[in-house]
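Engineer: Chains A and B supply the protein sequences, listed in that same order.
Numbering-wise (this note's numbering), the first sequence opens with residue 810 and increments by one.
Numbering-wise (this note's numbering), the second sequence opens with residue 4 and increments by one.
Virtual Cβ for every residue (Gly too), placed ideally from N, Cα, C.
Handing you this structure, nothing more for now.
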Amino acid sequence: MKLELRDITKRFGPLVANDHISITVEPGEVHCLLGENGAGKSTLMNVLYGMYQADEGEILLDDVVQAFDGPGDAMRAGIGMVHQHFMLVPVFTVAENVMLGQEETAFGGRLDLAGARKRVREISERFGFDVDPDARVEDLPVGVQQRVEIIKALSRDASVLVFDEPTAVLTPQETDELMGIMRQLREAGTAIVFITHKLREVREVADRITVIRLGKVVGEASPTASNGELAALMVGRSVSLVVDKTPATAGEDALVVEHVTVTDPSGIVLVDDVSFTVRRGEVLAIAGVQGNGQTELTEAIMGLEPVRSGHIVLDGREVTGRSVKQILDAGVGFVPEDRKEDGLVGEFTIAENLMLDRADSAEFVRAGTIRAAERDTFADEKIAEFDIRTPGRTTAAGRLSGGNQQKIVLARELSRDLRLFVAAQPTRGIDVGSIEFVHKRIVATRDTGVPVIVVSTELDEVVALADRIAVMYRGAIVGIVPATTPRDVLGLMMAGELPAGTELAA
Amino acid sequence: MSDTTPQHGGTTPPSDSSTPIDGTTDGSVGTPASDGSVGTPASDGTVGTPVSDDRLQDVVAGAPHLMTDSATDSERREGRWSDAMQSIVNGSVLTTVLAVVLALVASGILIALTDKDVQAAAGYFFARPMDTLRAVGSAVGGSYASLFQGSVINFGAPTAAAAIAPITRSVDYAVPLVVAGLGVAVAFRAGLFNIGGQGQVLIAAGTAGWVGFSFDLPAAVHIPLTILAGIVGGAVWAGIVGLIKARTGANEVVLTIMLNYVALYLLAFALRTPGLLQAGGSPNPISPATKDSALLPGLFGPRFGINVGFLVAIAAVIVVWWLLNKSSLGFRFRTIGENPRAARVAGMSVPRLTIWVLVISGGLIGIAGAYQVEGAVTTGFTSGIDAGIGFDAITVALLGRSKPWGTFWAAILFGVLKNGGYAMQAANSIPIDIVDVIQALIVLFIAAPPLVRAIFRIPQPGARRRTKQPSKRKAVAA
């Protein structure tokens, strides 16, 4: 089926999220929508899927104008969506999830599970998915869960499939498999819309590329365009994708983590006997697929998570079991993984957020009263220094974009005297321009001699920043390797394998 | 008056996060400045937010530090005014006022329906409809007129002094609600629901009452000492909750409400036990009268209701305003209220702060307990001494949006309603319970701002903000 969006315009108050966007997707074609966060890609897809009503423009399927009042209408018309966050019920089986929302019942309201199983098997066989219809979704690896989403869409005879940032949660290998699946679907005549901001994937699978910036189509590109060209189109200026950094001049050991084990309250091991050392003036990147213990490891270092056994020593002083306050006071800067939940108070002003972890330091407080003048001067300085785009220091932090929110956290943490800097997913969900900025600041921090830990699930980021890379899998470190390690080796390590003959660093 | 049932209590929701901080509404502080002077690099760069017209402001963002002090000052002053304007326009104040109006209208209907004249006239409504309407008008109008005259200004009074006497008596009713409302508001702002005002008032009345009737001291010492005893009583009683919550993570709603019963029966027990709180020579569960030296002296003589307690309440408003808006401790309170996870990551001790919040909250409510024995019921108290203040305080804090001055005015309104209710009952034989209905309806309408807005066809406040948020959430997803 051919999908055509004609002059779609969607406004939210004075904000134009989609400004006369027109795209066409032919059957048997992968059409990539490339754009930064907030460019309007998801709004466009939500219009297509019937979640929003377009203010202007129309949606055509095979040249017939459609009117979707909700996702149900869109699904019936043959549009399927694979969401970034899976819409699956974890405790249901694959077959149950696939039939959810279009349950077929036999006499007396009995569910026709056998039919659903058969359908799952048919689709899996056709595309070589290898999915067991009776497996419980929560027991399946993330990549397979995503296939369940695809099966779900296909079982509703979707002939237009929308993939919304499908690779965010996948290992490099799983990503490759997904690319293969997309190619297969294309051969079968499905029209595919692939939304992403990862340039490499685009070039690998796309037939056509449409770049969206600030709600407008800014251009089309061919898959042969270089990364730099695509990035420049996305951002509207040339960006350097390579982080400029000199080789590390690593000094003495600063942070020593020895045999650290963290468990959850029920005793399940989350961090499994992890040991590593970070030296002054180097960046140790901790790579791995989301959920392999990186979060808990950083929280253990910060004193947010109790250490079951092992030692954490900073500059010769034991910090295991200290309170968060003591660890912050010892000179540890921390950019938490989930900045909205852990890093900022969304309702507070920028100025207030900038002094959040110094609410009782003499710098900002005198006689129990917050020194408003100092707070505001400091805020203005940091807003300028970190290029935080805001109408003013009194704007609520929650109203800024992800990139600007991250700059607040970064500004706050980097403006103390640091002896260790821990940044967890420092560029998750932020725009390319801000990523460049954040990376530069991290390298600059390293160059002042501060030991840095960067936790990231993005291989690109790991490779760009790291001096050494520790790969985590199921709570343990698979190996610590030099930054020059090839990507395919890192990918295998992220799946828990350490290929024989891999050069280890420390 | 001395009823202790949790009439407005229960599960009153917090005033949510609609206006948690003074001064978050930014207004547009964008001052014109040339790009170059600001020093923000890459002025053509990416705008993370999808708002394209932010770009101009972005460039200007770094400018304020270039301004002179006086400019910053006037900007700050302007900011305060624009904040006030914003919050009026954006509906928090407007919807509150309209909620009060709606509650009065709805109660007016009740008054009309139960009025005998109206019922009689409605019998021949189709013959002479005007009679019914006239009866409705006189019933509702008359009731509210006597409510107003009995609680604010009595226009029929012979002298000016007598004319303003009603409002001073209303303030008298309002004083304990001001301080107790502040206590609840402080807890609200820190994300805690102190439903235990009743228990804290009772314990505070017990401790303050004991100090009040046991000692012979000069008034200058006795009055503050008695108030202090009330503060300590309330603080300890709420502090117990803080301690248990901090240690075990127990839910403070359950704890405070259960401690209400403990306090109620503990006080009843003490009042029945000679040597504790029971007055000698009487079998009744009543305490001895408060000594004269502990009584709060009137500010303008006995004819007016206002006494020194009013000054204490004003002082409490100012202290709480400082605490919440200016102090480091209050900053931390608000942080744990808005986002306890971020508070923890920022090195704040959430359990310790929780204890402090409840101690301060209980201490403020304790002042209300002291006021009850020093100003309201001075001839010896019973276990009904709390007079429903603990629960009314929740309503007051809610109505005042947990802001110090908002709470103050809400308490004054409640004092007016309470005082006027008596006048209405006397003049129009409307049951005083209608006042409770009005109070409950106010809360109901406040809890449902969209309803009020729909009735008055007010546009959604910050409609822009609301639609912006989903698009921003998507921004992360995209």
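Kindly list the residues whose CB is nearer than 6 Å to the CB of A/Gly998, restricted to its own chain and excluding five residues on each side of it in sequence; keep chain order.
Structural biologist: The answer, listed in chain order, is Pro836, Gly837.
Engineer: With burial defined as no fewer than 16 other Cβ atoms inside 10 Å of the residue's Cβ, what is the status of B/Gly51: buried or exposed?
Structural biologist: Its pLDDT being 36, under 50, B/Gly51 is placed unreliably by the model, and the measurement read from it follows with that caveat. When all chains shown are included, B/Gly51 counts as buried.
Engineer: Counting only the same chain and skipping the five closest in sequence on each side, list residues whose C-beta sits under 6 Å from that of B/Ser217.
Structural biologist: Same-chain partners within the cutoff: there are none.
Engineer: Using a 10 Å radius around the Cβ and a threshold of 16 neighbouring Cβ atoms, would you call A/Gly1310 buried or exposed?
Structural biologist: Exposed, by the Cβ-count rule.
Engineer: DSSP three-state label for A/Tyr1282, please.
Structural biologist: A/Tyr1282 falls in the strand class under three-state DSSP.
Engineer: Can you name the residues that DSSP bridges to B/Val104?
Structural biologist: Partner(s): none; B/Val104 has no beta bridge.
Engineer: From which residue to which residue does the alpha helix (DSSP H) around B/Ala373 run?
Structural biologist: B/Ala373 -> alpha helix (DSSP H) spans 353-374.
Engineer: From A/Asp1138 to A/Arg1225, what distance separates their C-alpha atoms?
Structural biologist: Cα to Cα, the separation comes out at about 9 Å.
Engineer: Strictly below 8 Å CB to CB, what residues from chain A border B/Glu341?
Structural biologist: Those are Val1154, Gly1155, Glu1156, Phe1157, listed as they occur along chain A.
Engineer: How should B/Ser330 be labelled, buried or exposed, when 16 other C-beta atoms within 10 angstroms of its C-beta is the threshold for buried?
Structural biologist: By the neighbour-count rule (16 or more Cβ atoms within 10 Å), B/Ser330 is buried.
Engineer: Which term fits A/Arg1089, buried or exposed, when burial requires 16 or more other beta carbons within 10 angstroms of its beta carbon?
Structural biologist: Looking at its Cβ environment, which holds 16 or more other Cβ atoms inside 10 Å, A/Arg1089 is buried.
Engineer: Which chain A residues sit within Cβ distance under 8 Å of B/Leu327?
Structural biologist: In chain order: nothing, as chain A lies at least about 11 Å away.
Engineer: Give me whichever residues DSSP pairs with B/Gln281 in a beta bridge.
Structural biologist: Per DSSP, B/Pro277.
Engineer: Have a look at B/Thr117, B/Arg355, B/Leu444 and flag the residue whose alpha-carbon is nearest the alpha-carbon of B/Ile247.
Structural biologist: Closest by alpha carbon: B/Arg355.
Engineer: So what does A/Leu1316 bridge to, in DSSP terms?
Structural biologist: Residue 1316 of chain A is absent from the structure shown; chain A starts at 810 and stops at 1315.
Engineer: Tell me A/Gly1028's beta-bridge partners as DSSP assigns them.
Structural biologist: The partner list for A/Gly1028 (beta bridge, DSSP) reads A/Val1020.
Engineer: Taking its Cβ as the centre, do 16 or more other Cβ atoms sit within 10 Å of B/Tyr268, making it buried, or is it exposed?
Structural biologist: With fewer than 16 Cβ atoms within 10 Å of its Cβ, B/Tyr268 is classed as exposed.
Engineer: Does the stretch 344-362 of chain B come close enough to the stretch 270-290 of chain B that 3 or more CB-CB pairs lie under 8 Å?
Structural biologist: At 8 Å Cβ cutoff, the stretches do not touch.
Engineer: Keeping to the same chain, check which residues put their C-beta closer than 7 Å to that of A/Arg1180; ignore five residues upstream and five downstream.
Structural biologist: Cβ neighbours of A/Arg1180 beyond the five flanking positions: Phe1173, Val1174.
Engineer: I need the straight-line Cα distance from B/Ser154 to B/Ala190, nearest angstrom please.
Structural biologist: Cα to Cα, B/Ser154 sits roughly 30 Å from B/Ala190.
Engineer: Let's see if you can read the secondary structure: which residues bound the alpha helix (DSSP H) around A/Ile1197?
Structural biologist: Premise fails: A/Ile1197 is in no alpha helix (DSSP H) and is neither H nor E.
Engineer: Helix, strand or coil for B/Ala66, going by three-state DSSP, please let me know.
Structural biologist: Any reading at B/Ala66 needs caution, since the residue's pLDDT is 34, under 50, leaving its predicted position unreliable; the model's value is listed next. Note: B/Ala66 maps to helix in three-state DSSP.
Engineer: Is the beta carbon of B/Phe313 closer than 8 Å to that of B/Val440?
Structural biologist: It is not a contact, given that the beta carbons lie outside the stated cut-off.
Engineer: Answer yes or no: does any C-beta atom of chain B fall closer than 8 Å to that of A/Lys1134?
Structural biologist: Answer yes: the Cβ-Cβ gap between A/Lys1134 and chain B drops below 8 Å somewhere.
Engineer: What would DSSP say about B/Thr71, mapped onto helix, strand or coil?
Structural biologist: Confidence at B/Thr71 is low in this model, with a pLDDT of 34, below 50, so its placement is unreliable and the value that follows should be read with caution. Reduced to three states, the DSSP call for B/Thr71 is coil.
Engineer: Pull up the CB-CB distance for B/Ile243 and B/Leu262, whole angstroms please, since I reckon it's below 8 Å.
Structural biologist: Right, the Cβ-Cβ distance comes to about 7 Å (below 8 Å), so this counts as a contact.
Engineer: Using the C-alpha atoms, what's the distance from A/Ile960 back to A/Arg930?
Structural biologist: Taking the straight line joining both Cα atoms gives about 10 Å.
Engineer: Is the shortest distance between the beta-carbon of A/Ile1179 and the beta-carbons of chain B less than 8 Å?
Structural biologist: Yes - at least one Cβ of chain B is within 8 Å of the one on A/Ile1179.
Engineer: Which residues, taken in chain order from the stretch 854-880 of chain A, show a beta carbon closer than 7 Å to some beta carbon of chain B?
Structural biologist: Answer set for the stretch 854-880 of chain A: empty.
Engineer: According to DSSP, simplified to helix, strand and coil, what is A/Arg1148?
Structural biologist: Reduced to three states, the DSSP call for A/Arg1148 is helix.
Engineer: Within the 8 Å Cβ cut-off, does B/Thr350 reach chain A?
Structural biologist: It should be noted that the sequence gives Gly, not Thr, for residue 350 of chain B. Yes - at least one Cβ of chain A is within 8 Å of the one on B/Gly350.
Engineer: Counting only beta-carbon atoms, is B/Asp25 nearer than 8 Å to chain A?
Structural biologist: Residue placement at B/Asp25 cannot be trusted, given a pLDDT of 37 that sits under 50; what the coordinates show is reported in the next sentence. Output row for B/Asp25: interface = no.
Engineer: Quick one: using the 10 Å Cβ neighbour count with 16 as the cut-off for buried, is A/Met854 buried or exposed?
Structural biologist: It is buried - the Cβ of A/Met854 has at least 16 other Cβ atoms within 10 Å.
Engineer: Note the first and the last residue of the continuous alpha helix (DSSP H) segment covering B/Ala183.
Structural biologist: Element bounds for B/Ala183: 163-192.
Engineer: Say the cut is 7 Å; is the CB of B/Tyr176 nearer than that to a heavy atom of the ligand MN?
Structural biologist: Summarising the ligand content, the structure contains no ligands, and the ligand MN is consequently not present.
Engineer: Which bits of chain B does A/Leu897 rub up against, with CB to CB less than 7 Å?
Structural biologist: Simply none; closest approach about 17 Å.
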